[in-house]
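Below is one structure, written out as structure tokens; the observations come after it.
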Amino acid sequence: MIATQENTMKDTDIKRLLYTHLLCICSIILSIFIPSFFLENFSILETHLTWLCICSVSVTAVNLVLYLVVKPNASSKRSSLSFKVTRFVKCCVYFLMSCFTFHVIFVLYGAPLIELVLETFLFAVTLSTFTTVPCLCLLGPNIKAWLRVFSRNGVTSVWENSLQITTISSFVGAWLGAFPIPLDWERPWQVWPISCTLGATFGYVAGLFISPLWIYWNRKQLTYKNN
Amino acid sequence: MRLGSGTFAACCVVVEVLGVVLFLRGFFPAPVRSSSSSKHQAEPPAPEPSAGASSNWTKLPPPLFSKVVIVLIDALRDDFVFGSKGVKFMPYTTYLVEKGASHSFVAEAKPPTVTMPRIKALMTGSVPGFIDVVMNLNSPALLEDNVITQAKAAGKRIISYGDETWVKLFPKHFVEYDGTTSFFVSDYTEVDENVTRHLDKVLKRGDWDVLILHYLGLDHIGHVSGPSSPLIGRKLSEMDGVLMKIHTALLSEERETLLPSLLVLCGDHGMSETGGHGASSTEEVSTPLLLVSSAFERKPGDIRYPKHVQQTDLAATLAIGLGLPIPKNSVGHLLFPAIEGKPMREQLRFLHLNTVQLTKLLQENVPSFEKEPGFEQFKISERLHGNWIRLYLEENNSEVLFNLGTKVRRQYLDALKTLSLSLSRQVAQYDVYSMVVGTVVVLEVLTLLLLSIPQALSSKAELEVPLLSPVFSLLFYLTFLVLSAVHVIVCTSTESSCYLCSLSWLTAGGVMVLVSALLCAVVSALTKVLVRGKLLSKNAAHSNSRWSELDLLILLGTLGHVLSLGASSFIEEEHQTWYFLVSTLCLALCHDIYRNYLPGDDCEPQRCLHVEGGFDGATPALQDKNTSSAVLELNRGCKSPSSLGTLRGYEKWMVLASPWVILTCCRLLRSLNQTGVQWAHRPDLGHWLTSSDHKAALSVLAALSLAVIFALIQRRCSPASKVAMALGLLGVYCYRAAIGNVLFPWQQDNKDISKGILEARFVYVFVLGILFTGTKDLLKSQVVAAGFTVKTVGLWELYSGFVLLAALLLRPHNLPVLVLSLLIQTLMAKFVWKPLRHDVAEVTVMHYWFGQAFFYFQGNSNNIATVDISAGFVGLDTYVEIPAIFLTAFATYTGPVLWASHLVSFLSSEASSSSALSHAGFCYALIGSFPVSAYIILVTSLRYHLFIWSVFSPKLLYEGMHLLITAAVCVFFTAMDQTNTKS
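One line per chain: the protein sequences are C and E, in this order. Going by my numbering, the letters in the first sequence line up with residues 787 to 1013, in that order. Going by my numbering, the letters in the second sequence line up with residues 87 to 1069, in that order.
Following this line, the structure appears as structure tokens:
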């Protein structure tokens, strides 16, 4: 009896997950096409920085809206205003910190230190929107929870599982995106950081697609510990 | 026969080296050759063609020039003469180019752009094979037909001053010579003064016909400080003065003789933006070629732009100019402007001679030469030429004669161009048979290594080598018979030369025995693995061990690197691959550390997810590696790392910070030397430091680096070698100060630059002393069974000896590479490998990766030009072959060698398991031989690729050399392991 109840709950969760992910994908696709109506000669490659800004803003907005509407973890008991404000401020600080951390990591990976700083930083912002923002929405500014989710077997819900998958696929996408840079094809998208941002975006979209399907496929094997 | 896995791996790698050598011998083809040997030179020159009427001009045409002076300036790039630098620093030459009686060309050199092959190309007109690079260090006499030999045979008196390569290439050809050695790269004044000091005397004397001057100083400046150095301008001005002197002397002498003289200014190769040469970038292959003679009169206002020609064209032009037969193997065509001023009949005669020579070469090298367009053009132009001669002899109307002559001339020029092009494309065939046999040996060895993974990495670290097993003797003899039959058939049927066939029957038989024995070993190992696999699948208890992220990264990284070798850009930028992999490795370690050390939800979550599928695609062999790798741990005990509580605060922070420190170090090193192709021109710290304005900064950095090296290395040494180390490092600084790289604080002006031989030998004494002490300790531990600690001390001592030698050989701006290498090794050993308890295989692979990355951090690349040959002459008075080769190899492969040496010392001092060393040796052999084997197959399939000579071949040589180093390391591992088991 309990098992069936759990299963139905899981099924509805997966369905909601799928819809939210489809919305996220839509927001990315729209961020590619909508601005060309308002901005002259807008294209992903030529006005790459503009696109990066628009894309990260729209993804952040969609994530926030979805978080407020769907409320995947309705467990926050205290709901005083001051708590919410401090939480929001903390989230912003975390987001900025993650941007800077990513920037430092890119430089350590070999990105130019002095030139192209804006490009590198915007790439860091984009990667943060794909990874840190969903984490902040779902887990809040709680390092312990993050460590739990990203250690091997610490996932406790469908949502966290999908979070794990999308985040890892974004990272892998960005990592793979660096591969074409040394090739001598002389294409416009081989310039730093375009191939990496595109890789991260593809990785994120792929993660969004794959995670509901994967969870649906393995729903029998997945048993989450409820606390 | 039971063998330890380390011994087994060492044997495998040694056999693999043999296979690779065989492959290399087959891969590097012999260049286009004329089959008639240079001995029979009495071939009569082709007579003038004639239709009907017989021409009486059958002898060789007389020389055009009485005297020829060839001024060859090493590494003279085209823009040094024709560009802004030429205008600024070479005013006389610029005057000659723009207004004087001269013809200027940009001559394209074919890679490899190294001196000896280039001299060969200039003098024979043929394209030397790539393997000439390897021979560059000991150039044997040139036996091919060439201009110098022909000139000597014609009784010309030849004088040569400059690079002694000429004397080696043409022994007994010169009536007078003074060779200068090209290996003291830091000397760029004396080497040229030795040439110029003869000039006055020789020019006044005038009892010679050909004078060859080879100036090396410019090349040395390029090697030391690059093409933008201020020294370049000074050197160019000096060269301009030399040219002016020669030209005026020639002009004044010309008044007494009938024939004009010729002055040739050329470069053998260019200079890349970093100052090296060897590859095929535009800067390296474009050289100026300037022909100056009063025969090339021109009216004022006649502007001639430098035309693009081939370097090989000079040989034919010189031969015609001196009235000699054109060298038989020359693929160049004569530079037409040089004979433009002659009467039409002579012009056509010269063109005809050249065309006949090229056609003969084509006939000998291309089976279907009748179909070649050049051959048809030749036939047409010869017929037309005959008609022209008939008209000429009938003394027809000069207008008609001239028009027809122009037409014939154009036909000839077209034919020459086509012939020359198709001949230079005609690279000799690959020796496929030797390549196949070499590949088979290498692949068999690799398969054997892969199949023996589970046994070799088991806790016993021993494996059964079924060489003597009688069961397989039938198979062995059968394969041997079949292979011998194939060998006989191949060798009797092919016409083209084949290395294996040219070997004696006994040696070839030995190769066949080797191939079949390896095949038997592979088959038996395969059956064993299958049997084991069945057994294992019955008790499926092994499935509980899973790949950690680190293992996955290591596997994927290795595979990815091997696959990337198929793309020429990834080879050119291979350093990027390694930097990327090492950075990722650091992040993965960081992830590992943080997961283990940061306080999380302590309630150790149970396994909720069962991820099946993802990793099951791995090969069974590698899965077995996984099962056995669970057994080998650095320290006995559970694999879960010591928890946070056991570490003190300082150590905890060091553990948490060390990946970031290592990442930062790698980033710093990355900006020290820009290598590769695409970003090589970017400014880097190395260039900044080596420029003469920042000598003080370099001195401070070098001194600081040496101090840090001492601080890092001295913990491990015995007191005696501590003193030796300190004195040795001081000696290194003195050596660098003596040769003028760095400054002493009390000596601000560097007046006396010596070769630093005394100082370098002083350091060598300490290197040998430390190495000797280390060896003595090792021997003691073996003979007296003095125990564990003595051996460890001995190993660390050997390691410090290597470090000292590296400090001596590395260029001063590369000393930080050594420092950071030591720092990273210390950090990794203390704060990553020990607390996290990585298993031996992981530690080995990480050492290998870091070794590769440091190879590129030093400024190496997959390009011959970046090899620092000056390292081979540290402390040597003259060029001594064996030490020079050894020192150059050590300096080039410092990174991999130091990391391997650290691996041995670290494992023997940390691991309590006795089999750790042999496991490490096995893993090192495996991971070292994997890329070579894959690359051999890749290169074979890409052998008609456009970049095969410029990108893939140098990489092949590097891979071969790296395998040799790996073999040496594995033998070293085995030796250490032997002493271990005996003690």
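The beta carbon of each residue, even a glycine, is placed where N, CA and C say it ideally should be. Model, not experiment: these values are computed from the prediction.
In terms of beta-carbon proximity, E/S669 lines the interface with chain C, with at least one pair separated by less than 8 Å.
For E/H189, the enclosing beta strand (DSSP E) covers residues 188-194. Residues of the segment 953-972 of chain C with a Cβ closer than 9 Å to any Cβ of chain E, in chain order: W961, A964, F965, I967, P968, L969, D970, W971.
Just so you know, the alpha carbons of C/E832 and C/E972 end up roughly 15 Å apart.
When the Cα atoms are used, E/E548 and E/E928 turn out to be separated by approximately 20 Å.
Beta-bridge annotation (DSSP): E/K393 is paired with E/F191. Going by C-alpha positions, E/L564 is about 29 Å away from E/G90. In this structure, the beta-carbon distance from E/E658 to E/G762 falls below 8 Å. Assignment of E/L490 by DSSP, reduced to helix, strand and coil, places it in the helix class.
Contact of C/L835 with chain E by beta-carbon distance below 7 Å is absent, the smallest such distance being about 23 Å. Between C/S813 and C/V856, the CB-CB gap reaches or exceeds 8 Å. The alpha-carbon of E/I825 is positioned some 34 Å away from that of E/Y934. A contact is defined here as three or more CB-CB pairs under 8 Å, and the segment 993-1005 of chain C meets this definition with respect to the segment 946-964 of chain C. Counting only residues of its own chain and dropping the five nearest sequence neighbours on each side, E/W919 has a CB closer than 6 Å to the CB of V929. For E/Y247, the pairing in a beta bridge is given by DSSP as E/D264, E/L299. Of all residues in the segment 869-896 of chain C, the ones placed with a Cβ closer than 8 Å to any Cβ belonging to chain E are I891, V893, L894, Y895, G896, in chain order. Residue pairing of E/C352 in beta bridges, as defined by DSSP: E/L158, E/L375. The segment 171-178 of chain E and the segment 340-353 of chain E do not touch, with fewer than three beta-carbon pairs separated by less than 8 Å. For the segment 926-941 of chain C, the beta-carbon criterion of a distance under 9 Å to any beta-carbon of chain E is satisfied by I929, K930, A931, L933, R934, F936, S937, R938, N939, G940, V941. Counting only the Cα atoms, E/V183 lies some 26 Å from E/G292. Between the alpha carbons of E/A986 and E/V879 lies a distance of about 17 Å.
For E/T750, the chain C residues whose Cβ falls inside 7 Å of its Cβ are L894, in order along the chain. C/W837 counts as buried, since no fewer than 16 other beta carbons sit within 10 angstroms of its beta carbon. Residue pairing by DSSP places E/E548 opposite E/G90 in a beta bridge.
Contact annotation: E/L651 and E/P1017 have beta-carbon atoms nearer than 8 Å. Interface residue (Cβ-Cβ distance to chain C less than 8 Å): E/R756 is classified as such. DSSP assignment within the segment 997-1045 of chain E yields the following whole alpha helix (DSSP H) runs of 4 residues or more, N-terminal first: 1002-1027. Rounded to the nearest angstrom, the gap between the Cα atoms of E/W294 and E/A237 is 12 Å.
Rounded to the nearest whole angstrom, the C-alpha separation of E/A542 and E/G1014 is 16 Å. In this structure, DSSP gives E/F256 a state outside helix and strand, which the three-state scheme calls coil.
Cβ atoms of C/I830 and C/I815 stay farther apart than 8 Å, at about 12 Å. The distance from the Cβ of E/G981 to that of E/F940 is about 3 Å, consistent with a contact at the 8 Å cut-off.
Chain-ordered, the chain C residues with CB closer than 9 Å to the CB of E/S655 read P968, L969, D970, W971. Distance between E/I955 and E/S634, taken at the CA atoms: about 43 Å. In terms of Cβ geometry, E/C98 and E/V531 form a close pair [threshold 8 Å]. Of the candidates E/P257, E/T180, E/V574, E/N946, E/T180 places its Cα closest to the Cα of E/P392.
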